[in-house]
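Input: a single structure, listed below in structure tokens.
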Amino acid sequence: MGAYAEIYRRSLDDREGFWLKAAESIAWSKPPSVALDASRAPLYRWFPDGELNTSYNALDRHVEQGRGDQPALIWDSPVTQSQRRYTYAELRDEVARFAGALTGLGVTKGDRVIIYLPMVPEAVIAMLGCARIGAVHSVVFGGFAPKELAARVEDAKPKVIVAASAGIEPTRVVEYKPIIEAALETTEHQPSAVVVLQRDAAKAELTERDVDWAELMASAEPADPVAVAAIDPLYILYTSGTTGKPKGVVRDTGGHAVALAWSMDAVYDVRQGDVWWTASDVGWVVGHSYIVYAPLLVGATTVIYEGKPVGTPDAGAFWRVVAEHGATALFTAPTALRAIKRVDPEGGEIVKYDLSRFSTLFMAGERLDPETYHWAHDKLGVPVIDHWWQTETGWPIAANPRGIEKLPVKPGSATVPVPGWDVRVLDQAGNELPADKEGAIAIKLPLPPGSLPTLWGDDDRFIEAYLSRYEGYYLTGDSGYLDSDGYLFVMGRTDDVINVAGHRLSTGSMEAVLAAHPAVAECAVIGVHDALKGQLPRGFVVLKAGVDIAEEQLRDELVAAVRADIGPVAAFRDVSVVEALPKTRSGKILRKTMRGIADGRDEPVPSTIEDPNVLTALRPILRTEKG
Ligand code: COA
Ligand code: AMP
1 MGAYAEIYRR SLDDREGFWL KAAESIAWSK PPSVALDASR APLYRWFPDG ELNTSYNALD
61 RHVEQGRGDQ PALIWDSPVT QSQRRYTYAE LRDEVARFAG ALTGLGVTKG DRVIIYLPMV
121 PEAVIAMLGC ARIGAVHSVV FGGFAPKELA ARVEDAKPKV IVAASAGIEP TRVVEYKPII
181 EAALETTEHQ PSAVVVLQRD AAKAELTERD VDWAELMASA EPADPVAVAA IDPLYILYTS
241 GTTGKPKGVV RDTGGHAVAL AWSMDAVYDV RQGDVWWTAS DVGWVVGHSY IVYAPLLVGA
301 TTVIYEGKPV GTPDAGAFWR VVAEHGATAL FTAPTALRAI KRVDPEGGEI VKYDLSRFST
361 LFMAGERLDP ETYHWAHDKL GVPVIDHWWQ TETGWPIAAN PRGIEKLPVK PGSATVPVPG
421 WDVRVLDQAG NELPADKEGA IAIKLPLPPG SLPTLWGDDD RFIEAYLSRY EGYYLTGDSG
481 YLDSDGYLFV MGRTDDVINV AGHRLSTGSM EAVLAAHPAV AECAVIGVHD ALKGQLPRGF
541 VVLKAGVDIA EEQLRDELVA AVRADIGPVA AFRDVSVVEA LPKTRSGKIL RKTMRGIADG
601 RDEPVPSTIE DPNVLTALRP ILRTEKG
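Under full-length UniProt numbering, the first residue of the sequence shown carries the number 1, and numbering increases by one thereafter.
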């Protein structure tokens, strides 16, 4: 048996022993005596009697062990043409000071803090500052509109919001303060303070409730880390579900620290002192886990990049950053590579840089299509490792566990289930499917440490959304198959979630925006294949009888409405007015069939269809009007 197979087996056969051993890599103020508490199954809790502080583990511990002068964080910002470095000692001091500043604003253990910051070091400082005093952070991605921010404020009820005056996109400066004001105008819940990091690109006008980051820090007393229970929440991260209401994924403290530290070594083969770069955004789970927490927990150096793969200033930006900072590994989304490949297909930019220390490219966030895989592999000459996970799981479910055993790569596959994850492929009735047969990917409970214990304030929704479809299993929402070698192929979502440029979005929430237009009788939004972004949303609307509106005008209004309500990140630009939508006899819109036709597949007409003529009429529109 290979090293991977042996460790995988052990992780499932002896959960207690396996995870208690892994827990030894973390400094506990009260070490756990048991790993798993199953007394409230299907709600499980990891390390129920352990106590620790994540900020201490990510910072102080390294300083105390003599690594205070090692770089902890390198900020590289082509959009502001700046760079900044923090050693572990410097980052600890900044975090301690910000934690003290939060305490001064009345934030105490268990309080929520919304962080609405672009890719600046202060985002990391704010997150770890919350963790230091046991406050629960909830980071909101900058590309969302006020309404999305408002939904998160209303659900998390933050005592404080921490924001920047501006984020910098290549073509425009995004002023955050007006977005916050617009959001707070609509919410019942009001934070007591808004901390604003003033940036040169656009200074915000501060009102009575606002506090200037720099002034606050200048007068703050550093705060020591406080011990919290392993089962206390570290953060909430909202993600798109099938409805318009985002799901508040909860991350606990102890299981998260143990799992992430373990994954850094076992999955990514990255250790203390290595330079590691995740090119994502702190607003997504990839950013939480692998820009901020995991690299710092193991004492590596993390790069935080405020820029894009292309246009800041060119398609060599990623290779410049890797070379300049000596990164041994890069983790990004396939869409970023497709963007680079489109501009620099021959890889002329790659050969300009010294990539001799660069050893592995990790890819996740969406399916890694074989074409992009081969391009990256050929041009970079390093292993290209696809791996699959979700906001909910917090760390990889399927991967090539590079630190355990470097398994052969099969293009199109995320490789094998990671130790801790009991991955099964099920049919409609919940029976396990044989090799090569596609079905729903489910994970047999309990999920390992680091995965979500529940949704914020809503155990029922957690159970209903994830644990009730197949009893005893967590439903991933992805479909796929295991081949005869045990390799997992993830093929796509089975629900209304789509992935646009690696950003997870809900077509259901876009439909809610379209349906609110007075001219629209009914609508459907589907994700269609896009060569750059993986998927793009496409809307189809049926007009109310007697409505007189020019199609062009309606399109513009609908596109503007989605941008205003969800945000630019939705990249919603394509709407068709149609006579009718294809439905089943029970009235369900046949979105999956529409998606298949739009993607060029030979979709059979479902036997349950109400009126086959509707689908016949729609076929050419689905096939040709891609935009
Ligand atoms: N704040 C404000 N606006 C943002 C934003 C942010 N943080 N991120 C994106 N946007 C805006 C963009 O400016 C763009 O606005 P526009 O319609 O006015 O042009 C819109 O949202 C769509 O952005 P995006 O989908 O990112 O497209 P793009 O054309 O700007 O860039 C890529 C395309 C591929 C370069 C880019 O999407 C990318 O780097 N993707 C990687 C994604 C990733 O790391 N995902 C995390 C999972 S691992
Ligand atoms: P998010 O919660 O934003 O990380 O998005 C999770 C979803 O992205 C998953 O459920 C998948 O649909 C998709 N996804 C992420 N990584 C991969 C991958 N490596 N291969 C295929 N799909 C992926």
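We put the CB at the ideal spot given by N, CA and C, even for glycine.
Close beta carbons around residue i, own chain, < 7 Å, minus the five adjacent residues each side
i, result
"residue 31", "50"
"residue 627", "Its pLDDT being 45, under 50, residue 627 is placed unreliably in this model, and the coordinates cannot settle the point."
"residue 193", "105, 160, 209 and 211"
"residue 15", "35 and 36"
"residue 493", "477 and 478"
"residue 557", "517"
Residue i Cβ short of 6 Å to the ligand ZN heavy atom set
i, result
"residue 174", "Here the bound small molecules are the ligand COA and the ligand AMP; the ligand ZN is not part of this structure."
First through last residue of the beta strand (DSSP E) which encompasses residue i
i, result
"residue 171", "Careful: residue 171 lies outside any beta strand (DSSP E) and carries neither H nor E."
"residue 164", "160 to 164"
"residue 525", "520 to 530"
"residue 210", "210 to 212"
"residue 329", "329 to 332"
"residue 360", "360 to 363"
"residue 574", "574 to 577"
"residue 441", "439 to 444"
"residue 30", "28 to 30"
"residue 503", "503 to 506"
Boundaries (first-last residue) of the alpha helix (DSSP H) holding residue i
i, result
"residue 613", "612 to 624"
"residue 125", "121 to 133"
"residue 560", "551 to 565"
"residue 474", "Here residue 474 belongs to no alpha helix (DSSP H); instead the beta strand (DSSP E) covers 473 to 482."
"residue 74", "No alpha helix (DSSP H) contains residue 74, which is instead part of the beta strand (DSSP E) from 71 to 77."
"residue 146", "146 to 156"
"residue 5", "3 to 13"
"residue 544", "First-last for residue 544: undefined, no H or E at that position."
"residue 633", "This structure does not reach residue 633, given that the chain is present from 1 up to 627, and the question cannot be answered."
"residue 462", "459 to 462"
Close beta carbons around residue i, own chain, < 8 Å, minus the five adjacent residues each side
i, result
"residue 39", "none"
"residue 585", "608, 609 and 610"
"residue 69", "87, 88 and 89"
Contact test: residue i Cβ vs the ligand COA heavy atom, cutoff 6 Å
i, result
"residue 630", "The question about residue 630 has no answer here: the residues shown for the chain are numbered 1 through 627."
"residue 534", "no"
"residue 321", "no"
"residue 600", "no"
"residue 140", "no"
"residue 280", "yes"
"residue 284", "yes"
"residue 335", "yes"
Cβ-based neighbour list, residue i, same chain, cut-off 6 Å, excluding 5 preceding and 5 following
i, result
"residue 341", "375"
"residue 147", "565"
"residue 2", "405"
"residue 135", "107, 111 and 113"
"residue 569", "143 and 503"
"residue 386", "363, 368 and 414"
"residue 7", "404 and 419"
Residue i CB to nearest heavy atom of the ligand AMP below 6 Å
i, result
"residue 366", "yes"
"residue 418", "no"
"residue 239", "yes"
"residue 160", "no"
"residue 414", "yes"
"residue 395", "no"
"residue 421", "no"
"residue 493", "yes"
"residue 530", "no"
Q.
Closer than 8 Å is the cut-off here; do at least three beta carbon pairs connect the region 478 to 496 with the region 281 to 297?
A. no
**Q.** Within the region 244 to 314, ranges of the beta strand (DSSP E) (whole runs, at least 3 residues)
**A.** 247 to 252, 275 to 278 and 301 to 305
(Q) Under 8 Å: do the region 596 to 606 and the region 174 to 184 share three or more Cβ pairs, one atom per stretch? (A) no
Q: Return the chain-ordered ranges of every beta strand (DSSP E) run that is complete within the region 364 to 404 and spans a minimum of 3 residues.
A: 384 to 386
**Q.** Entirely enclosed beta strand (DSSP E) segments - the region 81 to 108, minimum 3 residues
**A.** 82 to 87
Q) Is the region 226 to 243 touching the region 417 to 430, taking contact as three or more C-beta pairs under 8 Å? A) no
Q. Okay, do the region 409 to 426 and the region 219 to 230 touch, 3+ Cβ pairs below 8 Å being the bar?
A. no
Q. If you pair each beta-carbon of the region 267 to 275 with each one of the region 451 to 463, do three or more pairs fall below 8 Å?
A. no
(Q) Counting beta carbon pairs with one atom in the region 575 to 584 and one in the region 540 to 551, are three or more of them shorter than 8 Å? (A) yes
Q) Would you say the region 54 to 62 touches the region 461 to 472, given that touching needs at least three Cβ pairs under 8 Å? A) no
Q. Does the region 248 to 256 come within contact of the region 514 to 524, defined as at least 3 CB pairs closer than 8 Å?
A. no
**Q.** At least 3 beta-carbon pairs within less than 8 Å: the region 490 to 509 vs the region 320 to 340
**A.** yes
Q | Any 3 or more C-beta pairs closer than 8 Å across the region 316 to 331 and the region 355 to 362 | A | yes
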